[in-house]
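*Asks:* This is the structure I want to talk about, given as structure tokens.
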Amino acid sequence: MVMVIVSMLTVMFIGSVGIVSRELHITSDATQKERIYQVAESGVQRILFLVENADYTLDQLVALSGIPTSIADPVANTAVGTYTLSVVKQGSGQAVDVISLARSPDDRFCSKVSATIKSPSGSAVGPYFAYKWNRSVCPVDTVAPNSPTALPAGGVYNETKNVSLSAEANATIYYTIDSTDPTTSSTVYTSPISISATVTLRAIAVDAAGNVSTIMVEVYTIDTTPPAAPVASPAGGSYTSAQSISLSAESGAAIRYTLDGSTPTVASALYSSVIAISSSKTLKAIALDAAGNVSPIMSEVYTFAFANGAPAIDLIGQYVNRTDNPLQALYAKGYANDANGSGPIPVNRYGLYHPWNGIALDGLGHRLFIGDSYNSRVLVYNLNLDNTLPDPIPDNVIGKTNYTNAGGLPPLQSRVGRPIALAYDSTNKRLFVASDGTHRILVFDVVSITDGEPAINIIGQSTYAATTPSSCAQNGLNNPNGLEYDSINNRLFVADTNNRRMMIFDVRPVSSSDPRLLSGDKPNAINVLGKSSFTPCGAGVDLGSQANLEQPIAVLYDGTTGRLLISDMQDDRVMVFDGRPLSSSDLRLAVGDGAQAINVLGRGDWGTNADGAVSINRLDNPGSLALDLPRQRLFVADKSNNRVVVFDITDISNGENAIGVLGQLSFDSSGGGLTQSTFAAPSGLLYDNTNSRLFVSDWGNNRVMIFSVP
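Counting from 15, one number per residue, gives the positions in the sequence shown under my numbering.
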């Protein structure tokens, strides 16, 4: 029998999974393994329990069996910490049942107990062993902890990093940064590790049982050297055709770029494929390496000289007979698809018959509208998401219920007569259609289109059946040939051609959900140009050459500059007026009715009639106008010279020279033709600012041609 003086006992429980309720004993005799004996002493024995898992309650940890006990300092059952209990002394040689565990039944795990018994003086008397009452030995903890975790993780950085390590509770972390494997003799982790050079950080976690985790390995590369600037190919310069720009940088570096001249940042567009540039741009780019270092800025400027006489890249309307492929570009054929039966080809889905001044683009809805004037219809083409034309086959028709109807009269709410001009309101999804034969403008709701749908409003006539031209009324029209919608102020500019005046209407909608005109049908105009008042009008009313309009045929408004440009066909000139309104609530012209023009193109001064001369600064029967807004290039359909001329109107000077021409190879030629690069009386224009493309109604060749004009 082994006699032990028991003065103080500390018991540690590790683990949280329960076992079947059994008695547990402490002994110093490895052969006895059952009971611990006490000598007869007076006084009280004190037993300390260190509880490290809150799953154990005090009642579960300690239940003294078969002996009188008293708890000197009761504590809360769920607390984690050290508990001291008083145990009444037993007689010498008496067995003491020290602890009885009561846990949820689970024989798969036995809580590990370590014990140290100390004498009254505090010196250790152990070691001692802990066993189950049924003599089965508790298993040893051999489960290794998880590897430590580093934050931030290894990687490439461009600055010093303070790395924090973490592991399981009560585990100690040992680490190295010299590429050796860590052991329990390595540095103990206590605070974040400062890493300012390229190193390999290795670490292990060691738990209370001495189990060692696998080695965590994190490689930190500290790189503070910025990469070289990207390189563009081809480099910036002056070009006459669109360019595909490739960017390159050091291996592994990402490239961010801008095309508007602004400084690129890490949030700018990410370069992934060639960049198509078809208009003057300033390309700037930076390279960013894996560490986040930023290169110097690359800057390349691309400009484009206008290519005189350039060929078209596509066309619409050249369908000559029913055996031809309507998807094939047939530049050498220009027959009319005649609604009246006088031409070689009857009206059909693919062809056009004298398209005049009616081309409009719905850039948001990706639709193209073409006024097929002599076929009395408006054709609607669905575009790709980038607003390019997928094929020359229309998807809807306005003014007819089908593509083979040849009739244009009588005028109805759903018929467009001879659609001579178009204007599109992208905000309210409205299409304005001017008909010169019925002297009116129809307003269509084109949120969605049904073939042959009726108009929602009429301007210029009081009923849809009326066809009488107006004689100078404030709400009447006589052969309107040109339209322009002011999207900023909800104004419609109308070239009232035979009344020799420009009319301006307030076309605000009823509401954002009701596109009908707030002013109703046949509204009064709010302003007039070309005449001092709404009456009288027509021939013989002359305000002088700087204010008078002889044959206004087309109109264009630039909301960024406030300039209003009007083609005065008979006087072979384009006049420039101040078109700004008084205010956002008062849409009348700030300059008032009958104002004088501020500039003129096509003539050297206000008193000189060019009479159709062909040169770099003259016009002969100018028609439609189109504006390249970013570069302030004005395209003018110089109808009788069979060309489209281009002016730089950044700063306008009277009679200034053109900077480019289409349809002719030089400024001193005017002959028409039926080829990929020539016209026969071009009349209508539309410029697509997004794709730098110009649509031209080639009136005499019964087609619409598309040009790339960077």
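Glycine is no exception: its CB is placed at the ideal position from the N, C-alpha and C atoms.
What you are looking at is a predicted structure, and each value in this text was computed from that prediction instead of being measured.
(1) Go through its chain and collect everything with a Cβ distance to Pro408's Cβ below 7 Å, but skip five positions before and after it.
(2) Would you kindly report the start and end of the unbroken beta strand (DSSP E) that includes Asn410?
(3) When DSSP labels each residue in this structure, what does Asp592 get in the three-state scheme?
(4) For the segment 396 to 403 and the segment 452 to 461, state whether three or more C-beta atom pairs, one from each stretch, are separated by less than 8 Å.
(5) Starting from the Cα of Ala469, find the closest Cα among Thr689, Thr204 and Lys414 and give me that residue.
(6) Could you name each continuous alpha helix (DSSP H) segment of 4 residues or more that falls completely within the segment 455 to 521, going from the start of the chain to the end?
(7) Can you name the start and end residues of the beta strand (DSSP E) that Ser449 belongs to?
(8) The beta strand (DSSP E) spanning Glu232 covers which residue range?
(9) What did DSSP end up calling Asp586 once you bin it into helix, strand or coil?
(10) For Ala539, verify whether its CB is less than 7 Å away from any heavy atom of the ligand COA.
(11) Across which residues does DSSP place Val216 in a beta bridge pair?
(12) Candidates Asn503, Leu302, Ala181 and Ala350: which alpha carbon is nearest Asp600's?
(13) Determine the direct distance from the alpha carbon of Val430 to that of Leu700, and round the result to whole angstroms.
(14) Would you grab the beta carbon distance between Asn512 and Asn493 for me? Rounded to a whole angstrom, and I think it's under 8 Å.
(15) Which one of Tyr316, Pro244, Asp386 and Ala346 has the shortest CA to CA distance from Ser309?
(16) Residues in its own chain within less than 7 Å of Arg216 by CB, not counting five upstream and five downstream?
(17) Can you give, in chain order, each stretch of the beta strand (DSSP E) that sits fully within the segment 238 to 308 and has at least 3 residues?
(18) For Lys175, write down the residues that DSSP places opposite it in a beta bridge.
(19) Specify, as a first and last residue, the run of the beta strand (DSSP E) that Tyr438 falls within.
(20) Could you tell me whether the segment 206 to 222 touches the segment 253 to 265, using the rule of 3 or more Cβ pairs below 8 Å?
(21) Residues in its own chain within less than 6 Å of Asn184 by CB, not counting five upstream and five downstream?
(22) I'd like to know whether the C-beta atoms of Asn635 and Ala694 end up nearer to each other than 8 Å.
(23) Given that a residue counts as buried once 16 or more other Cβ atoms are within 10 Å of its Cβ, and exposed if not, what is Ser387?
(24) In whole angstroms, what separates the C-alpha of Ala640 from that of Leu497?
(25) Would you kindly work out how many angstroms separate the C-alpha atoms of Met719 and Asn172, rounded to a whole number?
(26) Taking the DSSP output, what are the residues bridged to Phe661?
(27) Taking the alpha carbon of Ser449 as the reference point, which residue from Tyr349, Leu378 and Pro369 has its own alpha carbon closest?
(28) Less than 8 Å between C-beta atoms, sequence neighbours within five positions excluded: which residues of the same chain meet that for Asn2?
(29) Does DSSP classify Asn541 as helix, strand or coil?
(30) In terms of residues, what are the limits of the beta strand (DSSP E) holding Val675?
(31) Near Tyr203, what residues of its chain come up, given a Cβ to Cβ distance below 6 Å and the 5 sequence neighbours on each side ignored?
(32) With a cut-off of 8 Å, does the C-beta of Leu426 fall near any C-beta of chain B?
*Replies:* A quick look at the data gives this:
(1) As a working mapping, residue 408 is identified with position 394 in the sequence shown. Here Pro408 has Arg363, Leu393, Val394 and Tyr395 as same chain residues with Cβ atoms under 7 Å from its own Cβ, once five neighbours each way along the sequence are excluded.
(2) For the purposes of this step, residue 410 is taken as residue 396 along the sequence shown, with counting starting at 1. First-last of the beta strand (DSSP E) with Asn410: Asn410 to Ile412.
(3) Counting from one through the sequence shown, the residue named residue 592 turns up at place 578. In the structure shown, Asp592 sits in a strand (DSSP, three-state: E or B).
(4) no
(5) Here the question's residue 469 lines up with position 455 in the sequence shown. Of Thr689, Thr204 and Lys414, the smallest CA-CA separation from Ala469 is found for Lys414.
(6) none
(7) Along the sequence shown, one-based indexing puts residue 449 at 435. Per DSSP, Ser449 belongs to the beta strand (DSSP E) from Arg444 to Ser449.
(8) Counting from 1 along the sequence shown, the entry for residue 232 is found at position 218. Per DSSP, the unbroken beta strand (DSSP E) holding Glu232 starts and ends at Met230 to Ile236.
(9) Translated into positions along the sequence shown, residue 586 becomes position 572. Correct three-state label for Asp586: coil.
(10) Absence of the ligand COA is noted for the structure shown, with no ligands found whatsoever.
(11) The residue you call residue 216 lines up with position 202 of the sequence shown. Sequence check: residue 216 is Arg here, not Val. Looking at the DSSP assignment, Arg216 forms a beta bridge with Thr190 and Val231.
(12) As a position in the sequence shown, residue 600 is number 586, starting the count at 1. Of the candidates Asn503, Leu302, Ala181 and Ala350, the one whose C-alpha sits nearest the C-alpha of Asp600 is Asn503.
(13) As a position in the sequence shown, residue 700 is number 686, starting the count at 1. As a position in the sequence shown, residue 430 is number 416, starting the count at 1. The alpha-carbon atoms of Leu700 and Val430 are separated by roughly 20 Å.
(14) What you label residue 512 is simply residue 498 of the sequence shown in a count that begins at 1. What you label residue 493 is simply residue 479 of the sequence shown in a count that begins at 1. Going by Cβ atoms, the distance from Asn512 to Asn493 rounds to 4 Å, so yes, they are a contact pair.
(15) In the sequence shown, counting from the first residue as 1, residue 309 sits at position 295. Closest by alpha carbon: Pro244.
(16) Here residue 216 corresponds to residue number 202 of the sequence shown, with the count starting at 1. Counting only Cβ-Cβ distances below 7 Å, and skipping sequence neighbours, we find Tyr189, Thr190, Asp195, Pro196, Ile229, Met230 and Val231.
(17) 245 to 247, 251 to 253, 257 to 262, 268 to 272, 289 to 291 and 295 to 302
(18) Taking the first residue of the sequence shown as 1, we reach residue 175 at position 161. Beta-bridge pairing links Lys175 to Ile209.
(19) Here the question's residue 438 lines up with position 424 in the sequence shown. Element bounds for Tyr438: Pro433 to Asp439.
(20) The segment 206 to 222 is not in contact with the segment 253 to 265.
(21) On the sequence shown, residue 184 is found 170 positions in, with the first residue counted as 1. Only Ala222 meet the Cβ criterion.
(22) Reading the sequence shown from its first residue, position 621 is the one you call residue 635. Reading the sequence shown from its first residue, position 680 is the one you call residue 694. Cβ atoms of Asn635 and Ala694: not closer than 8 Å.
(23) Working through the sequence shown from its first residue, we reach residue 387 at position 373. Ser387 comes out buried.
(24) Numbered from 1 along the sequence shown, position 626 holds the residue referred to as residue 640. Numbered from 1 along the sequence shown, position 483 holds the residue referred to as residue 497. Taking the straight line joining both Cα atoms gives about 12 Å.
(25) Walking along the sequence shown from the start, residue 719 turns up at place 705. Walking along the sequence shown from the start, residue 172 turns up at place 158. So the alpha carbons of these two residues sit roughly 55 Å apart.
(26) The residue given as residue 661 occupies position 647 in the sequence shown. Answer is Leu648.
(27) The count along the sequence shown starts at 1 and reaches residue 449 at position 435. Checked all of Tyr349, Leu378 and Pro369; the closest Cα to Ser449 is Pro369.
(28) In the structure displayed, the chain extends from 15 to 724; residue 2 sits before or after that span and is not available.
(29) Start at 1 with the first residue of the sequence shown, and residue 541 comes out as number 527. Strand, per DSSP.
(30) On the sequence shown, residue 675 is found 661 positions in, with the first residue counted as 1. Counting along the chain, the beta strand (DSSP E) containing Val675 begins and ends at Gly674 to Leu676.
(31) The residue labelled residue 203 in the question sits at position 189 within the sequence shown. Excluding positions up to five away in sequence, the list reads Leu179, Ile187 and Tyr189.
(32) You won't find chain B in this structure, because it holds only one protein chain.
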